[in-house]
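Notes for the one structure printed next.
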Amino acid sequence: MTATDASRAGTPPAGEAPLIEARDLTKYFGSVIALHEVSLHVRQGEVLCLLGDNGAGKSTLIKALSGVHLPDSGQLLVDGKEVHFESPRDALHNGIATVYQDLAMIPLMSISRNFFLGSEPTNGWGPFRTINLREADQVTREALKEMGIDLRDTSQPVGTLSGGERQSVAIARAIHFGAKVVILDEPTSALGVKEAAVVLRFITQARDQGIGVILITHNVNHAYPVGDRFTILDRGRLKGTYAKSDLMPADLLEHMGGGAELDELRHELEEAAGVDPQPPKPPAGSIAPHA
Amino acid sequence: MATAPARPADERVRNVGLARTLLNRPELGAVTGAILVWVLFAILAGDRGFLSLRGAATYLEVAAQVGIIGSAVTLLMISGEFDLSVGSMVGAAGMIVAIGIGEWGWPVWLAILAAFAFALAVGFINGYIVVRTRLPSFIVTLGTLFILRGLTIGVTRTVVGSTQVGGLRASTDNDPIAALFTAQIGPIDVAIFWWLGLAMIATYVLMRTSFGNWIFGTGGSPIAARNVGVPVARVKIVLFMATAASAAMLAVIQVLGAGSGDVLRGEGKEFEAIITAVIGGTLLTGGYGSAIGAIFGALTLGITRQGLFFAGISSDWYQAFLGLLLLTAVLVNNWVRSRALKGG
Numbered sequence: 454m455t456a457t458d459a460s461r462a463g464t465p466p467a468g469e470a471p472l473i474e475a476r477d478l479t480k481y482f483g484s485v486i487a488l489h490e491v492s493l494h495v496r497q498g499e500v501l502c503l504l505g506d507n508g509a510g511k512s513t514l515i516k517a518l519s520g521v522h523l524p525d526s527g528q529l530l531v532d533g534k535e536v537h538f539e540s541p542r543d544a545l546h547n548g549i550a551t552v553y554q555d556l557a558m559i560p561l562m563s564i565s566r567n568f569f570l571g572s573e574p575t576n577g578w579g580p581f582r583t584i585n586l587r588e589a590d591q592v593t594r595e596a597l598k599e600m601g602i603d604l605r606d607t608s609q610p611v612g613t614l615s616g617g618e619r620q621s622v623a624i625a626r627a628i629h630f631g632a633k634v635v636i637l638d639e640p641t642s643a644l645g646v647k648e649a650a651v652v653l654r655f656i657t658q659a660r661d662q663g664i665g666v667i668l669i670t671h672n673v674n675h676a677y678p679v680g681d682r683f684t685i686l687d688r689g690r691l692k693g694t695y696a697k698s699d700l701m702p703a704d705l706l707e708h709m710g711g712g713a714e715l716d717e718l719r720h721e722l723e724e725a726a727g728v729d730p731q732p733p734k735p736p737a738g739s740i741a742p743h744a
Numbered sequence: 060m061a062t063a064p065a066r067p068a069d070e071r072v073r074n075v076g077l078a079r080t081l082l083n084r085p086e087l088g089a090v091t092g093a094i095l096v097w098v099l100f101a102i103l104a105g106d107r108g109f110l111s112l113r114g115a116a117t118y119l120e121v122a123a124q125v126g127i128i129g130s131a132v133t134l135l136m137i138s139g140e141f142d143l144s145v146g147s148m149v150g151a152a153g154m155i156v157a158i159g160i161g162e163w164g165w166p167v168w169l170a171i172l173a174a175f176a177f178a179l180a181v182g183f184i185n186g187y188i189v190v191r192t193r194l195p196s197f198i199v200t201l202g203t204l205f206i207l208r209g210l211t212i213g214v215t216r217t218v219v220g221s222t223q224v225g226g227l228r229a230s231t232d233n234d235p236i237a238a239l240f241t242a243q244i245g246p247i248d249v250a251i252f253w254w255l256g257l258a259m260i261a262t263y264v265l266m267r268t269s270f271g272n273w274i275f276g277t278g279g280s281p282i283a284a285r286n287v288g289v290p291v292a293r294v295k296i297v298l299f300m301a302t303a304a305s306a307a308m309l310a311v312i313q314v315l316g317a318g319s320g321d322v323l324r325g326e327g328k329e330f331e332a333i334i335t336a337v338i339g340g341t342l343l344t345g346g347y348g349s350a351i352g353a354i355f356g357a358l359t360l361g362i363t364r365q366g367l368f369f370a371g372i373s374s375d376w377y378q379a380f381l382g383l384l385l386l387t388a389v390l391v392n393n394w395v396r397s398r399a400l401k402g403g
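Protein chains in written order, with this note's numbering: chain A, 454 to 744; chain B, 60 to 403.
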């Protein structure tokens, strides 16, 4: 891997403008440089994985993309046109939706009430305007089916769904209400292996429908199978953006900065056990740092 | 031709049966509670008038008084907030009506309008402070509880020279507006209709309107609700205003009904309203509850208070009973909620 590889994957090619592009975003919190001249872009039907250790600036970056934080400098472009997001609502109007891990759904409300929360379909007029619950149920069921989730009963509380299903419903909702880019903040970090697979499969489904996905994670095992490109952040700076064809999972972990530490750990453990420290190197991607 | 079902049944949807469906309703605890206390007092006091129409009318009247506030407090609690100032609001709004009519010779409609306007303003202030400072509403409204009660006592003694204003009957007896709040239909007090009407409106808003969906969302997870565009602050402020208005409503009914105002009216009503909501299946943490449940919660309180009276048991025991009901209700409702989430 050379620096030229990284810069090639990180620069949008000429032609169709990316759905969303960030150029040299910088964000300060007082004297802390949370982000320093970070650039990325996502095209239609593409999964960009945003990787980095805790404190690398992933959260700050997605908050800048989703309108929570206003960057101190740098540009944000949607469909090639510069935008300034004052609030998450602005981002939503521009087709940028963010699904937060624990804050996507309200467990005690029904699936269809959750699905339409804030955008309820109504019947009637004035004070007699009522929620059209039948339509809500039907549309929810259809929207989910379109995305490959065939749900049982949409009038059940969301709390009865598994964690993976819950994330998937939240993503389907964002897409149903017009999102072109879906930003997923650690959607798999609290999930078991099977549940994470449910969400990852769903992400590829969304990609195949032409949605641009930004997937934030620090689990290389989750990122590698679904990602088309990988942007790695380290201490608020861009470490590089790599196309999948250019690297192996082990490289990815190495780039994230966890590789060296894990090698060292392995070395120490082996010394402690009195083993000759020259074993074959296991695939580094199989060891994922945990939240 | 209408025999075919609208959509094919999904083989994974188990027919859970009526009993199980009912077990998952938030109202379950309240309905059971109301029936149990009714049976208890029917046995203890059935031969002393509890079962008569007059007996029913008295416990319904007591239920109506707490239920009028209880409906609004239920919606407020579902949105995740408390209002401890409702009891003081009953006293303050009541004195506005009493002083307005009795001391200053206002027409009844003006006094009522002034009481409601004052209540809406205080409700707005409560709500505004809570959403702006993000302080717990428990503390904010504890403050308003004492401010309102203190102001009511202080201002009344300054203006009137005592803490009571009586003799309103002369001005209210033939007033058609006053009759709206004090009329008797047979043995039934009109307050009972106000109570049931307000509870129906609360249920309609909660279950059938977008605003109701926002109430659940606001209480269930304010951040998630805000993320999808629910105006969380507005929902809370509107509900604080509705709660204060419901206290004014009760104040008008009490003062016009008794023909007198007292600065201490409504004391403890804030807790009775919360107990009504909780027995009715509303969660203290918000996001879950039922205005229908609150009807049965109020009924449970009314039956208990009047049942003790008919059974000849001193009302000294009422509070102990109330506390016991509250604890039982919380335990039952916790169990109901965890069942609902398991989808059993």
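C-beta atoms are modelled at their ideal positions from N, C-alpha and C, and glycine is treated no differently.
Quiz prompt | Rounded straight-line distance, which links the Cα of residue 330 (chain B) to that of residue 386 (chain B) | solution = The alpha-carbon atoms of residue 386 (chain B) and residue 330 (chain B) are separated by roughly 13 Å.
Quiz item: Got a sec? Which residues, its chain only, sit under 7 Å from residue 232 (chain B) by beta carbon, not counting five neighbours each side?
Solution: In the same chain as residue 232 (chain B), and ignoring 5 residues on each side of it, no C-beta atom comes closer than 7 Å to its own.
Quiz prompt | Start-to-end residues for the alpha helix (DSSP H) that takes in residue 620 (chain A) | solution = Where residue 620 (chain A) is concerned, the enclosing alpha helix (DSSP H) stretches over 616-629.
Quiz item: Near residue 470 (chain A), which residues of its chain fall below 7 Å by C-beta distance, leaving aside the five closest residues on each side in sequence?
Solution: Same-chain partners within the cutoff: 532 and 533.
Exercise. Return the chain-ordered list of same chain residues with a C-beta closer than 6 Å to the C-beta of residue 281 (chain B), the five sequence neighbours on each side being excluded.
Key: Excluding positions up to five away in sequence, the list reads 291.
Practice problem: Would you kindly work out how many angstroms separate the C-alpha atoms of residue 457 (chain A) and residue 694 (chain A), rounded to a whole number? | Solution: Residue placement at residue 457 (chain A) is poorly supported in this model, since its pLDDT is 45, which falls under 50; the coordinates still yield a value, given next. Rounded to whole angstroms, residue 457 (chain A) to residue 694 (chain A) spans 10 Å at the Cα level.
Self-check item: Residue environment, residue 311 (chain B), which counts as buried when at least 16 other CB atoms sit within 10 Å
Solution: Buried, by the Cβ-count rule.
Exercise. Using 10 angstroms around the beta-carbon of residue 539 (chain A), count the other beta-carbons present and answer buried if the total reaches 16, otherwise exposed.
Key: Exposed is the label assigned to residue 539 (chain A), since fewer than 16 other Cβ atoms lie within 10 Å of its Cβ.
Self-check item: Contact under 9 Å by Cβ, residue 182 (chain B) with residue 361 (chain B)
Solution: It is not a contact, given that the beta carbons lie outside the stated cut-off.
Practice problem: Give a yes or no on whether 9 Å exceeds the smallest Cβ distance from residue 115 (chain B) to chain A. | Solution: Against chain A, the CB of residue 115 (chain B) has no partner CB under 9 Å away; the residue lies outside that interface.
Exercise. Note down the Cα distance separating residue 368 (chain B) from residue 89 (chain B), rounded to an integer number of angstroms.
Key: If I take the Cα positions, the gap works out to 21 Å.
Quiz item: Nearest chain B C-beta to residue 583 (chain A) closer than 9 Å, yes or no?
Solution: At least one CB atom of chain B sits nearer than 9 Å to the CB of residue 583 (chain A).
Practice problem: Answer yes or no: does any C-beta atom of chain B fall closer than 9 Å to that of residue 572 (chain A)? | Solution: Cβ-Cβ to chain B under 9 Å: yes for residue 572 (chain A).
Quiz item: By the criterion of Cβ-Cβ separation under 7 Å, what are the contact partners of residue 267 (chain B) in chain A?
Solution: Contact note: residue 267 (chain B) reaches chain A through 583 and 584, using a C-beta cutoff of 7 Å and chain order.
Quiz item: Any chance the segment 559-575 of chain A sits against the segment 270-285 of chain B, with 3 or more Cβ pairs inside 8 Å?
Solution: With three or more CB-CB distances shorter than 8 Å, the segment 559-575 of chain A counts as touching the segment 270-285 of chain B.
Quiz item: Could you give the residue range of the beta strand (DSSP E) that holds residue 495 (chain A)?
Solution: According to the DSSP assignment, residue 495 (chain A) belongs to the beta strand (DSSP E) that extends over 485-495.
Quiz item: At a CB-CB cut-off below 9 Å, which residues of chain B make contact with residue 745 (chain A)?
Solution: Residue 745 (chain A) cannot be examined here, being either before or after the span of chain A that is shown, 454 to 744.
Quiz item: CB-CB under 6 Å to residue 400 (chain B), same chain, minus the five flanking residues each way: which ones, in chain order?
Solution: Here the set comprises nothing.
Quiz prompt | Simplified DSSP state of residue 130 (chain B), which is helix, strand or coil | solution = Annotated three-state conformation of residue 130 (chain B) is helix, per DSSP.
Exercise. Hey, could you find the ends of the beta strand (DSSP E) residue 477 (chain A) is sitting in?
Key: If you look at residue 477 (chain A), you'll find it in the beta strand (DSSP E) that goes 473-482.
Quiz prompt | C-beta atoms of residue 124 (chain B) and residue 378 (chain B) nearer than 9 Å | solution = Against a cut-off of 9 Å, the Cβ pair of residue 378 (chain B) and residue 124 (chain B) comes out as no contact.
Quiz prompt | Uninterrupted alpha helix (DSSP H) stretches inside the segment 190-264 of chain B (no shorter than 4 residues) | solution = Look at the segment 190-264 of chain B and you find these whole runs of alpha helix (DSSP H), each 4 residues long or longer: 196-219, 228-231 and 235-241.
Quiz item: residue 287 (chain B) touches chain A at which residues, Cβ-Cβ below 7 Å?
Solution: Contact of residue 287 (chain B) with chain A by beta-carbon distance below 7 Å involves 570 and 571.
Self-check item: Straight-line gap, residue 389 (chain B) to residue 132 (chain B) (C-alpha atoms, nearest Å)
Solution: A direct Cα-Cα distance of roughly 17 Å separates residue 389 (chain B) from residue 132 (chain B).
Exercise. Please report the residue range of the beta strand (DSSP E) in which residue 552 (chain A) lies.
Key: Per DSSP, residue 552 (chain A) belongs to the beta strand (DSSP E) from 549-553.
Quiz item: At a cut of 8 Å, does the segment 139-148 of chain B reach the segment 320-338 of chain B through at least three beta carbon pairs?
Solution: Between the segment 139-148 of chain B and the segment 320-338 of chain B, the count of C-beta pairs closer than 8 Å reaches three or more; the two stretches touch.
Quiz item: Rounded to whole angstroms, how far is the Cβ of residue 536 (chain A) from the Cβ of residue 530 (chain A), which I believe are closer than 8 Å?
Solution: In this structure, residue 536 (chain A) and residue 530 (chain A) form a Cβ contact; the two beta carbons are roughly 7 Å apart against a cut-off of 8 Å.
Quiz item: Whose C-beta lies closer than 8 Å to the C-beta of residue 162 (chain B) among residues of the same chain, with five residues either side of it excluded?
Solution: Cβ neighbours of residue 162 (chain B) beyond the five flanking positions: 218, 219 and 224.
Practice problem: Report the option in A:552, A:568 and A:603 whose CA atom is closest to the CA atom of residue 273 (chain B). | Solution: Here the closest residue by C-alpha is A:568.
Quiz item: Using 9 Å as the limit for Cβ to Cβ distance, is residue 479 (chain A) near chain B?
Solution: It does not: the Cβ of residue 479 (chain A) has no partner Cβ on chain B nearer than 9 Å.
Quiz prompt | residue 206 (chain B) to residue 229 (chain B) span [Cα, whole Å] | solution = Using only the alpha carbons, I get a separation of about 32 Å.
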